[in-house]
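Chains as they are written, first to last, in our numbering: chain X, 1 to 294; chain E, 1001 to 1294.
Read the structure below first, then the notes.
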């Protein structure tokens, strides 16, 4: 029986170290510093942990998967840096520290984000060059690019910006959550599964699991913003309300929003039942994602 | 004997069509429109043509290389969009048309650039999924990511921004040119060569060729900006001087700058002599790159 808290802690230490080690050792230090600033601001490392947990669940013992895990976090961090820019969400705080452009200026923040996205794909290439993993690397890259691109994260950010100030509908909110947050969370699971040579049945079960926990996570995020304080969140609380962002609790009320998150959580657990291997790691992770206070 | 003008024209028509076809068909149309705006503003399509020309020179007949060629142009176009942003070079004109952020606003321009970079890697993944080209795709991806990243294009842009207004030296100018323009031009040749299964000797020759034509191309670019008019250039002429950018003609005078470009051009031609196949395509291309008026 895996103790989920210990697992998360152990993996976070590993991931933090590996993320730092893979930052550029050459090129202008200013941009590496800006990349490091945003990476070291912390965060739960949820996406790389999902990569590792999916692979661990399927019994993989290939340590090179850490390249894929780091790539997912780099993509996530790049998206935070660009989302915080004055032209986008104009956010001064991120993970309790000044956002990248507040410290390094807009130009460097744009370039640091670009560099993290580029580095992510370089890591997938590194992964693929180890022991003939070319075919798997290419599949992982396709998943990651689709999740990060116009039909995923970038598309979600565009819809989010478009929706600002307009009349929010539940359909819009769900669509934005699915694209902006859900796509990369889902890709994390699928990339881990691909690296671990998942069978098509395992892939199907994990795909359902992944499609449920993403929106559930976003609902909880919205709820924490809705109810929380700046200190707890590490970013300006109530920022979504101030900017008239469409969120689940604003539309449904906090109780109904939480109920929906729990339904999604239960659906995710049910999907794991059809896996042919013990999945307490992924069920435990889902629980941590839903029943969290920050 | 290949007529180089005809080759360029034929390939440009092909590339223009394929670039348009690979733009996202789903996701928010606003971001696809912004991507299309900057792609359709034209340009010589030099990078994708170099990909195709390198592969053609080595006798490749694999048509899926067009994915790689388009990826190179997407990366180039993304870099133009981000470089033009107010926080960077703050340029209102690009290729004779209003720059992306002038038409779509800063947020969309940042996201359109991000999306083009992401799409580029998706195309490399597509290339790799066709007929077991995983290993080659992974090598191409590594080249492209290195050329686009902190030790290449992004690093060059950082150095360029840092150098602004400071005392320019020839060493700085050479380094910036090598990273900001040279790296991606070189990658175009090498990616084409990898796709065409170049031998290590062919790779060596093409690497030298590629390392020479990049800086030569940049010198001519600087010269055209130095001497040209806005109408000829499609971007504000003399912009580099106004912003105290370090350029070759500013440092060396136009005659010496041109002489250096010609030395690099001759070195590039010499490298082609050690190729074991006819290389008039690449020598013709180098000539066109150096003896151009826009």
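A virtual CB, placed ideally from N, CA and C, is assigned to each residue, including glycine.
**Study point:** Under 8 Å between C-beta atoms of residue 100 of chain X and residue 109 of chain X
**Key:** As a position in the first chain, residue 100 of chain X is number 100, starting the count at 1. As a position in the first chain, residue 109 of chain X is number 109, starting the count at 1. Taking 8 Å as the Cβ cut-off, residue 100 of chain X and residue 109 of chain X qualify as a contacting pair.
Check your understanding: Just to confirm, does residue 213 of chain X get its C-beta within under 7 Å of one of the non-hydrogen atoms of the ligand GTP?
Key -> Looking for the ligand GTP in the displayed structure turns up nothing, as the structure carries no ligands at all.
Review point. Since residue 1343 of chain E and residue 1137 of chain E are thought to touch, with beta carbons under 8 Å apart, how far apart are those beta carbons, to the nearest angstrom?
Key: Since the first residue of chain E shown is 1001 and the last is 1294, residue 1343 of chain E is not available in this structure.
Review point. What residues from chain E crowd round residue 117 of chain X, counting only those whose CB sits closer than 8 Å?
Key: Position 117 of the first chain, counted from the start, is the residue given in the question as residue 117 of chain X. The contacting residues are 1114, 1117, 1118.
Review point. Does any C-beta atom of chain E lie closer than 8 Å to the C-beta of residue 107 of chain X?
Key: Walking along the first chain from the start, residue 107 of chain X turns up at place 107. Chain E, which has a Cβ nearer than 8 Å to the Cβ of residue 107 of chain X, makes this yes.
**Study point:** Coarse secondary structure for residue 93 of chain X, derived from DSSP in three states
**Key:** Position 93 of the first chain, counted from the first residue, corresponds to residue 93 of chain X. Here residue 93 of chain X sits in strand by DSSP.
Check your understanding: To which residues of the same chain is residue 1219 of chain E closer than 7 Å at the C-beta, ignoring the five residues directly before and after it?
Key -> Counted from its first residue, the second chain places residue 1219 of chain E at position 219. Cβ within range, chain order: 1248, 1257, 1260, 1261.
Review point. Helix, strand or coil: how does DSSP classify residue 215 of chain X here?
Key: Within the first chain, residue 215 of chain X is the residue found at index 215, counting from 1. It is helical.
Check your understanding: For residue 1037 of chain E, which of E:1098, E:1056, E:1075 has the nearest alpha-carbon?
Key -> The sequence position of residue 1037 of chain E within the second chain is 37, counting from 1. Minimum Cα distance to residue 1037 of chain E is reached at E:1098.
Point to revise | Same chain, Cβ closer than 6 Å to residue 1034 of chain E, five either side skipped, listed in chain order | key: By one-based count along the second chain, residue 1034 of chain E stands at place 34. Closer than 6 Å at Cβ, skipping near neighbours: 1100, 1104, 1108, 1112.
Review point. Looking at residue 1115 of chain E and residue 154 of chain X, is the spacing between their C-beta atoms short of 8 Å?
Key: Stepping through the first chain from its first residue, residue 154 of chain X is reached at position 154. Stepping through the second chain from its first residue, residue 1115 of chain E is reached at position 115. Against a cut-off of 8 Å, the Cβ pair of residue 1115 of chain E and residue 154 of chain X comes out as a contact.
Check your understanding: Taking one C-beta from the stretch 263 to 280 of chain X and one from the stretch 196 to 209 of chain X each time, how about it: are there three or more such pairs within less than 8 Å?
Key -> Contact holds between the stretch 263 to 280 of chain X and the stretch 196 to 209 of chain X, because three or more Cβ pairs, one in each stretch, are under 8 Å apart.
Exercise for review: Closer than 7 Å by beta-carbon distance: list the chain E residues that pair up with residue 203 of chain X, in chain order.
Suggested key: Taking the first chain and counting its residues from 1, one reaches residue 203 of chain X at position 203. Within chain E, no residue comes near residue 203 of chain X; the closest Cβ sits about 16 Å away, beyond 7 Å.
Practice item. Report the neighbours of residue 45 of chain X on chain E: residues whose CB is nearer than 9 Å to its CB, in chain order. Key: Along the first chain, one-based indexing puts residue 45 of chain X at 45. By Cβ distance, chain E contributes nothing, its closest Cβ being about 22 Å from residue 45 of chain X, past 9 Å.
Review point. What residues in the stretch 1019 to 1036 of chain E bring their beta carbon closer than 7 Å to a beta carbon of chain X?
Key: Going along the stretch 1019 to 1036 of chain E in chain order, one finds 1024, 1026, 1027, 1028, 1030, 1031, 1032 with a Cβ nearer than 7 Å to chain X.
Check your understanding: With respect to the alpha helix (DSSP H) encompassing residue 1007 of chain E, which residues constitute its N-terminal and C-terminal limits?
Key -> If you number the second chain from 1, residue 1007 of chain E lands on position 7. That run of the alpha helix (DSSP H) goes 1004 to 1021.
Point to revise | Selection from X:288, X:42, X:173 that minimises the alpha carbon distance to residue 20 of chain X | key: Locating residue 20 of chain X in the first chain gives position 20, counting from the first residue. Residue 20 of chain X has its Cα closest to that of X:42, out of X:288, X:42, X:173.
**Study point:** Expected contact under 8 Å - CB spacing of residue 271 of chain X and residue 189 of chain X to nearest Å
**Key:** Looking up residue 271 of chain X in the first chain gives position 271. Looking up residue 189 of chain X in the first chain gives position 189. With a Cβ gap of about 11 Å, residue 271 of chain X and residue 189 of chain X do not count as contacting.
Check your understanding: How is residue 1028 of chain E classed by DSSP in three states: helix, strand or coil?
Key -> Here residue 1028 of chain E corresponds to residue number 28 of the second chain, with the count starting at 1. Of the three classes helix, strand and coil, the one that applies to residue 1028 of chain E here is coil, per DSSP.
Review point. If you follow the alpha helix (DSSP H) that residue 1150 of chain E is part of, which residue opens it and which one closes it?
Key: Residue numbering aside, residue 1150 of chain E sits at position 150 when the second chain is read from its first letter. Note, residue 1150 of chain E: premise wrong, no alpha helix (DSSP H); not H, not E.
**Study point:** Interfacial residues, the stretch 1081 to 1099 of chain E to chain X, with Cβ spacing under 7 Å
**Key:** 1082, 1085, 1087, 1088
Point to revise | Residues that residue 1098 of chain E bridges to, as DSSP identifies them | key: By one-based count along the second chain, residue 1098 of chain E stands at place 98. DSSP lists E:1093 as partners of residue 1098 of chain E.
Point to revise | Host alpha helix (DSSP H) of residue 1070 of chain E (start-end) | key: Position 70 of the second chain, counted from the start, is the residue given in the question as residue 1070 of chain E. 1065 to 1084 is the extent of the alpha helix (DSSP H) around residue 1070 of chain E.
Check your understanding: Could one say the Cβ of residue 1165 of chain E lies closer than 8 Å to chain X's Cβ atoms, at least one of them?
Key -> On the second chain, position 165 is the one that residue 1165 of chain E refers to. Taking Cβ atoms only, chain X never reaches closer than 8 Å to residue 1165 of chain E, which makes this a no.
Practice item. Kindly indicate if chain X contains any beta-carbon less than 8 Å away from that of residue 1151 of chain E. Key: One-based indexing of the second chain puts residue 1151 of chain E at position 151. Yes, because at least one Cβ of chain X sits closer than 8 Å to the Cβ of residue 1151 of chain E.
Exercise for review: Under 8 Å Cβ to Cβ from residue 146 of chain X, same chain only, skipping five residues before and after it: list those, please.
Suggested key: Taking the first residue of the first chain as 1, we reach residue 146 of chain X at position 146. Contacts found: 152, 183, 187.
Review point. When you compare each of X:223, X:263, X:267 to residue 246 of chain X by their alpha carbons, which one comes out closest?
Key: Taking the first residue of the first chain as position 1, residue 246 of chain X is located at position 246. That would be X:223, whose Cα lies nearest to the Cα of residue 246 of chain X.
Review point. Are there 16 or more other CB atoms within 10 angstroms of the CB of residue 74 of chain X, so buried, or fewer, so exposed?
Key: Position 74 of the first chain holds residue 74 of chain X. A buried status is given to residue 74 of chain X, since no fewer than 16 other beta-carbon atoms sit within 10 Å of its beta-carbon.
Check your understanding: Quick one: which chain E residues come within Cβ less than 9 Å of residue 51 of chain X?
Key -> By 1-based counting over the first chain, the position of residue 51 of chain X is 51. Neighbours of residue 51 of chain X on chain E: none; closest Cβ ~17 Å, over 9 Å.
Practice item. Compare the C-alpha of residue 1096 of chain E against each of E:1059, E:1174, E:1039, E:1078 and name the closest. Key: By one-based count along the second chain, residue 1096 of chain E stands at place 96. It is E:1039.
Check your understanding: At least one CB of chain X closer than 8 Å to the CB of residue 1243 of chain E: is that the case?
Key -> Locating residue 1243 of chain E in the second chain gives position 243, where the first residue counts as 1. Bear in mind that the predicted position of residue 1243 of chain E carries a pLDDT of just 49, short of 50, making it unreliable; the figure below should be weighed with that in mind. No, residue 1243 of chain E does not count as interfacial toward chain X.
**Study point:** residue 158 of chain X versus E:1046, E:1007, E:1028, residue with shortest Cα-Cα distance
**Key:** Here residue 158 of chain X is taken as the residue at index 158 of the first chain, counted from 1. Among E:1046, E:1007, E:1028, the Cα nearest to that of residue 158 of chain X belongs to E:1028.
Practice item. Have a look at residue 1282 of chain E and residue 25 of chain X and give me their C-alpha separation to the nearest angstrom. Key: As a working mapping, residue 1282 of chain E is identified with position 282 in the second chain. As a working mapping, residue 25 of chain X is identified with position 25 in the first chain. Distance between the alpha carbons of residue 1282 of chain E and residue 25 of chain X is about 34 Å.
Point to revise | residue 77 of chain X at chain E interface by Cβ criterion, 8 Å | key: If you number the first chain from 1, residue 77 of chain X lands on position 77. Not closer than 8 Å to any Cβ of chain E, the Cβ of residue 77 of chain X fails to qualify, so no.
Check your understanding: By a C-beta neighbour count over all protein chains shown, 10 Å radius and 16 as the cutoff for buried, is residue 1166 of chain E buried or exposed?
Key -> As a first step, residue 1166 of chain E must be located in the second chain, where it is residue number 166. The residue in question, residue 1166 of chain E, is exposed, as its Cβ has fewer than 16 Cβ neighbours within 10 Å.
**Study point:** Best match in X:195, X:48, X:213, X:212 for proximity to residue 58 of chain X [C-alpha to C-alpha]
**Key:** Within the first chain, numbered from 1, the residue matching residue 58 of chain X stands at position 58. It is X:195.
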